[in-house]
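Protein chains in written order, with my numbering: chain E, 246 to 747; chain Y, 246 to 747. Beta carbons are placed, not taken as given, at the ideal position from N, Cα and C, and that holds for glycine. Worksheet for the structure shown next.
There are 2 protein chains.
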Amino acid sequence: MEHKLAELKTRLLEVDDLQYAGAVLYWDQATYMPPAGASARGRQLGTLTRLAHEKFTDAAIGKLLDDLRAYGEGLPYDSDDASLIRVTRRQYERAVKVPATFMAEMSQHFNTTYTAWTEARPANDFNRVRPLLEQTLDLSRQLADFFPGYDHIADPLVDNQDYGMKAADIRRIFAELRAELVPLVKAITAKPLTDDSCLRAFYPEDQQKAFGEMVIKRYGYDFERGRQDKTHHPFMIRFGPGDIRITTRFNEHDLGDGLFSTLHECGHALYEMGIDQGLAGTPLATGTSAGVHESQSRLWENIVGRSRGFWEHFYPALQQTFPDQLNRVSVDTFYRAINKVQPSLIRVDADEVTYNLHVMLRFDLELEMLEGKLDIRDLPEAWHQRYMDDLGVTAPSDKDGVLQDVHWYTFNIGGAFQGYTLGNILSGLYYSAALQAHPSIPAEIAQGKFDTLHTWLKTNIYTHGSKLSASELTERVTGGQLRIGPYIQYLKTKYGELYGIQ
Amino acid sequence: MEHKLAELKTRLLEVDDLQYAGAVLYWDQATYMPPAGASARGRQLGTLTRLAHEKFTDAAIGKLLDDLRAYGEGLPYDSDDASLIRVTRRQYERAVKVPATFMAEMSQHFNTTYTAWTEARPANDFNRVRPLLEQTLDLSRQLADFFPGYDHIADPLVDNQDYGMKAADIRRIFAELRAELVPLVKAITAKPLTDDSCLRAFYPEDQQKAFGEMVIKRYGYDFERGRQDKTHHPFMIRFGPGDIRITTRFNEHDLGDGLFSTLHECGHALYEMGIDQGLAGTPLATGTSAGVHESQSRLWENIVGRSRGFWEHFYPALQQTFPDQLNRVSVDTFYRAINKVQPSLIRVDADEVTYNLHVMLRFDLELEMLEGKLDIRDLPEAWHQRYMDDLGVTAPSDKDGVLQDVHWYTFNIGGAFQGYTLGNILSGLYYSAALQAHPSIPAEIAQGKFDTLHTWLKTNIYTHGSKLSASELTERVTGGQLRIGPYIQYLKTKYGELYGIQ
Numbered sequence: 246m247e248h249k250l251a252e253l254k255t256r257l258l259e260v261d262d263l264q265y266a267g268a269v270l271y272w273d274q275a276t277y278m279p280p281a282g283a284s285a286r287g288r289q290l291g292t293l294t295r296l297a298h299e300k301f302t303d304a305a306i307g308k309l310l311d312d313l314r315a316y317g318e319g320l321p322y323d324s325d326d327a328s329l330i331r332v333t334r335r336q337y338e339r340a341v342k343v344p345a346t347f348m349a350e351m352s353q354h355f356n357t358t359y360t361a362w363t364e365a366r367p368a369n370d371f372n373r374v375r376p377l378l379e380q381t382l383d384l385s386r387q388l389a390d391f392f393p394g395y396d397h398i399a400d401p402l403v404d405n406q407d408y409g410m411k412a413a414d415i416r417r418i419f420a421e422l423r424a425e426l427v428p429l430v431k432a433i434t435a436k437p438l439t440d441d442s443c444l445r446a447f448y449p450e451d452q453q454k455a456f457g458e459m460v461i462k463r464y465g466y467d468f469e470r471g472r473q474d475k476t477h478h479p480f481m482i483r484f485g486p487g488d489i490r491i492t493t494r495f496n497e498h499d500l501g502d503g504l505f506s507t508l509h510e511c512g513h514a515l516y517e518m519g520i521d522q523g524l525a526g527t528p529l530a531t532g533t534s535a536g537v538h539e540s541q542s543r544l545w546e547n548i549v550g551r552s553r554g555f556w557e558h559f560y561p562a563l564q565q566t567f568p569d570q571l572n573r574v575s576v577d578t579f580y581r582a583i584n585k586v587q588p589s590l591i592r593v594d595a596d597e598v599t600y601n602l603h604v605m606l607r608f609d610l611e612l613e614m615l616e617g618k619l620d621i622r623d624l625p626e627a628w629h630q631r632y633m634d635d636l637g638v639t640a641p642s643d644k645d646g647v648l649q650d651v652h653w654y655t656f657n658i659g660g661a662f663q664g665y666t667l668g669n670i671l672s673g674l675y676y677s678a679a680l681q682a683h684p685s686i687p688a689e690i691a692q693g694k695f696d697t698l699h700t701w702l703k704t705n706i707y708t709h710g711s712k713l714s715a716s717e718l719t720e721r722v723t724g725g726q727l728r729i730g731p732y733i734q735y736l737k738t739k740y741g742e743l744y745g746i747q
Numbered sequence: 246m247e248h249k250l251a252e253l254k255t256r257l258l259e260v261d262d263l264q265y266a267g268a269v270l271y272w273d274q275a276t277y278m279p280p281a282g283a284s285a286r287g288r289q290l291g292t293l294t295r296l297a298h299e300k301f302t303d304a305a306i307g308k309l310l311d312d313l314r315a316y317g318e319g320l321p322y323d324s325d326d327a328s329l330i331r332v333t334r335r336q337y338e339r340a341v342k343v344p345a346t347f348m349a350e351m352s353q354h355f356n357t358t359y360t361a362w363t364e365a366r367p368a369n370d371f372n373r374v375r376p377l378l379e380q381t382l383d384l385s386r387q388l389a390d391f392f393p394g395y396d397h398i399a400d401p402l403v404d405n406q407d408y409g410m411k412a413a414d415i416r417r418i419f420a421e422l423r424a425e426l427v428p429l430v431k432a433i434t435a436k437p438l439t440d441d442s443c444l445r446a447f448y449p450e451d452q453q454k455a456f457g458e459m460v461i462k463r464y465g466y467d468f469e470r471g472r473q474d475k476t477h478h479p480f481m482i483r484f485g486p487g488d489i490r491i492t493t494r495f496n497e498h499d500l501g502d503g504l505f506s507t508l509h510e511c512g513h514a515l516y517e518m519g520i521d522q523g524l525a526g527t528p529l530a531t532g533t534s535a536g537v538h539e540s541q542s543r544l545w546e547n548i549v550g551r552s553r554g555f556w557e558h559f560y561p562a563l564q565q566t567f568p569d570q571l572n573r574v575s576v577d578t579f580y581r582a583i584n585k586v587q588p589s590l591i592r593v594d595a596d597e598v599t600y601n602l603h604v605m606l607r608f609d610l611e612l613e614m615l616e617g618k619l620d621i622r623d624l625p626e627a628w629h630q631r632y633m634d635d636l637g638v639t640a641p642s643d644k645d646g647v648l649q650d651v652h653w654y655t656f657n658i659g660g661a662f663q664g665y666t667l668g669n670i671l672s673g674l675y676y677s678a679a680l681q682a683h684p685s686i687p688a689e690i691a692q693g694k695f696d697t698l699h700t701w702l703k704t705n706i707y708t709h710g711s712k713l714s715a716s717e718l719t720e721r722v723t724g725g726q727l728r729i730g731p732y733i734q735y736l737k738t739k740y741g742e743l744y745g746i747q
């Protein structure tokens, strides 16, 4: 069995190399690649995707997994080897259902679409990407149809990002959450609008970058194992255990944009950096689901990075960095500004309270498109309608409407968005578990110390990589399943205090 | 045959994708990769190298080439298809002699060695890389031995970079050149030393970069199809027809370093950018040999970029960029400074006249190592001895001795250096052919116009890619074979005038 396990690992390492090589090409495309490089790059990524898929779905891997099944089942459930055999089998069984040529076609299509999107968005020209998006919808439906027997056509796509979840589960959770959020938004918007003009002074990019990087070093982001670059739509990306990068963008007229994007992506990176390095080179060496990943980005961005204690510690340093802009602004004013609740157009800039309404809206639109009830041609209008209905705002253009998020222009339709809200819910759940174990955490944050929290997260969540599924992890960490209580409690306490609501 | 040709092209495209994906990974490693990323990166590059080699040496490609041979021979010699079949066969026959696992092992070894070198050089610690270099020598000898029947063990390694050349040919050419250079160096060093102190003021990096990029735009470097980044040891790299990048380094206390490195790498890039885009995705879409490639970097760096006419045009702009440093320096003083001849330690900083002595020295050491006459342990001492004998200088340390060039730390020993001097010789030969066709070129350069020269080079050299071998190309462009006459004439005229030598 030792020999077979070693052979399995060797084969998985080759797949890992191809996948992470592809990640480097993707990162380069999104950061530094000159415009004319796009078409060859798309083809190169398609080739790497196809080869990785071919190598992973090789029948020899299936045979090894069969031969190793009994051995794996005889080991402790969460041992490295048992987990490797179990999780690889799950992914293998999924992967063999999709032909490698389809994977390559999809990769190349996403690449073309991404390039078109980077041009279409500034030009506010949805028609430029419309035919591509129609193809995306078609490919997304084809992808789902490789997994017959689903309850809802979105199920296989959701399951791929958040294993174990179905469209119906998400709908139920989202309905529960919406029932809590809508009255909260209503209560807050009945109050006077927060003044956040202090964020709109001129904040030079270089100093923004330096301040953000100072903070994430304190969080524990290791610049020997990563770096930060600029891009259109920020993301975290892993190339291996020693190279876990983040990207951001800056707006010199909005201090919040770049800073909270940096903290957000850093949260994702801390998760990846905290994975047991012994798992490197296997499918276990990455975060376990979109939702759990997002729980970490949102925890470090919001629960920590937008807390009063955090700014009691860091605000003097921020004032030193931007004395002209902030010396006459109190920490209380600043704290209120970065937590201003106001229904708005852009998801990534949305406040914590209304944010989930943006996500739910996209999730619903995805389902309607997949069900064939919403034509791509009618999507911009449907988008505007939903924003009016749910948030009471209307985008002046598609640029800030249907063109705003990169996801549909670089990924399939279905499965890309629910993780954001699952992540918010989980961030509240996990943070409350951390507080239960270490009630001193908020006081430490107010001293700029993150060790206790970071270590608890590493030990209880990060280190496992994908050994445990999201559901297994949540059970283990919180003694129960995903539930909205602690997250809603967090929102109500924080925003109740901020807006004087009982 | 159409069908077989199409299948050949499809297979070659896959190889091309893997190779250029590897190039992206290499570029990233040499520019932005965080330190801890090195070990996974080495493995990823090894995997890509192995897969590219496996795909290229697939027996199906051999079969297609056999089937297509008669068809190719029936077409005009320099037609795209005939060239593709002929050149691919030559490369295929070479590649099948080397096992893919050996290629992967070598790639990974070079990677480890490169990383060690980036640490060993600043630390001036040759012992840190010595065992790795011993392995490199061993691998280099093994590589040569996959090609039995050579006259000299370096022959297969030289042939791989400069097809058609043998160690004995290089030795003969180098001896001829040395016989001309040594008296010239002697005559110049008998004259008073040029004052180049104007280059050693403080020149801020950002302005250096902006000035260099302004110049290469005028040369014709297309920033839509490329970019410039910083690295340890400058290089040009191609990822596809629309993505041809250069790298440089800056020394804020030496204006020449960054500027001429930028012009040099731009010369390489102009070659790659000028290749007929219809050849993209095939082995024909790259420069034909190390020597021809270097002829273009040296032509644009030296023959153009260090000419009096060039600076008559650009010096006012340089003075505007650096008024405090240069306003009191005349163009004549500046021109003399950038063409100062003085035996020195660092190859890449060497003047045009002594430069080739650096190259010959390395070439000779390579042969001695490969012949087993020089042990790696004795290399630093042999290096110092040769510098004393040939150039009359002694490095204070290995940092500026055996550790100075990246080549032996990222490539096999044998074949990496001769191209630099072959390139110099060819630059003189090709430039004199261009002048014969267009005597107006120097006058145009003095007006900052490069179109006539660039177009002539594109039409006569660049566009062909690898369709013609170096020898075929030289024959066609100059009506004869490689000869040192025009290059020596160029040096004697330029430096005779500069140093008042008959």
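| Query | Result |
| --- | --- |
| Secondary structure of E:Ile-482, DSSP reduced to three states | strand |
| Buried versus exposed, by CB contacts within 10 Å (16 or more), E:Ser-575 | exposed |
| Proximity test, Cβ basis, 8 Å: Y:Tyr-277 and chain E | yes |
| Residues sharing a beta bridge with E:Asn-572, DSSP | Per DSSP, none; premise fails for E:Asn-572. |
| Neighbouring residues, chain C, relative to E:Pro-280 (Cβ below 7 Å) | This model lacks chain C altogether, as its protein chains are E and Y. |
| Y:Ile-489 (DSSP reduced to helix, strand or coil) | strand |
| Identity of the residues DSSP links to Y:Asn-601 by a beta bridge | None; Y:Asn-601 has no bridge partner. |
| Contact list for E:Gln-289 against chain Y, beta-carbon separation under 9 Å | Asp-261, Asp-262, Leu-263, Tyr-265, Ala-266, Val-269, Phe-484 and Gly-485 |
| Under 8 Å from the C-beta of Y:Ala-349: neighbouring residues of chain E | Within 8 Å Cβ-Cβ: nothing; Y:Ala-349 doesn't reach chain E, min ~10 Å. |
| Every unbroken beta strand (DSSP E) within the region 425-475 of chain E, with a cutoff of 3 residues, ordered by chain | 473-475 |
| Length-filtered (3 minimum) beta strand (DSSP E) runs lying within the region 655-700 of chain Y | none |
| Boundaries of the alpha helix (DSSP H) in which E:Gln-726 is found, first to last residue | From DSSP, E:Gln-726 is part of no alpha helix (DSSP H); its letter is neither H nor E. |
| Closer than 8 Å to chain E by CB, Y:Thr-441 | Inspection of the sequence shows that residue 441 of chain Y is occupied by Asp rather than by Thr. No, because no Cβ of chain E sits closer than 8 Å to the Cβ of Y:Asp-441. |
| Segment limits, alpha helix (DSSP H) that includes E:Ala-337 | Before going on, a small fix: residue 337 of chain E reads as Tyr here, not Ala. Unbroken alpha helix (DSSP H) run through E:Tyr-337: 325-340. |
| Chain Y contact residues for E:Leu-500, given Cβ-Cβ distances below 8 Å | Chain Y residues near E:Leu-500: none, gap ~25 Å exceeds 8 Å. |
| DSSP-derived helix/strand/coil call for Y:Asn-705 | helix |
| 9 Å Cβ cut-off: residues of chain Y touching E:Ala-285 | Asp-261, Asp-262, Tyr-265, Phe-484, Gly-485, Pro-486, Gly-487, Asp-488, Ala-525 and Gly-526 |
| Euclidean distance between Cα positions of E:Gly-753 and Y:Leu-293 | Nothing in the structure corresponds to residue 753 of chain E, since chain E is present only between 246 and 747. |
| E:Thr-527 to E:His-298 span [Cα, whole Å] | 15 Å |
| CB contact flag (E:Met-614, E:Leu-290, <8 Å) | no |
| For Y:Asp-499, the three-state DSSP class (helix, strand or coil) | strand |
| Residue span of the alpha helix (DSSP H) that contains Y:Tyr-560, given as start and end | 553-566 |
| Closer than 8 Å to chain Y by CB, E:Arg-472 | yes |
| Expected contact under 8 Å - CB spacing of Y:Leu-610 and Y:Arg-631 to nearest Å | 7 Å |
| E:Leu-590 beta carbon less than 8 Å from that of E:Val-228 | Here chain E has residues from 246 to 747 only, and residue 228 of chain E is not among them. |
| E:Leu-293 at chain Y interface by Cβ criterion, 8 Å | yes |
| Cβ shell of Y:Val-586 (< 6 Å), same chain only, five flanking positions each side left out | Ile-433, Asp-596 and Val-598 |
| Where Y:Phe-391 sits in the DSSP three-state scheme | coil |
| E:Glu-742 versus E:Val-430: straight-line alpha-carbon distance, rounded | 14 Å |
| Collapsed DSSP secondary structure at Y:Ser-716 in the structure displayed | helix |
| Local conformation of Y:Val-374 per DSSP, three classes | helix |
| Cβ neighbour criterion (16 or more within 10 Å) applied to E:Gln-734 | exposed |
| Residue environment, E:Asn-669, which counts as buried when at least 16 other CB atoms sit within 10 Å | buried |
| Backbone secondary structure at Y:Leu-619 - three-state DSSP | coil |
| DSSP-derived helix/strand/coil call for Y:Val-586 | coil |
| Contact belief for Y:Arg-335 with Y:Met-605 at Cβ below 8 Å, rounded distance in angstroms | Contact doesn't hold; Cβ gap of about 28 Å is too wide. |
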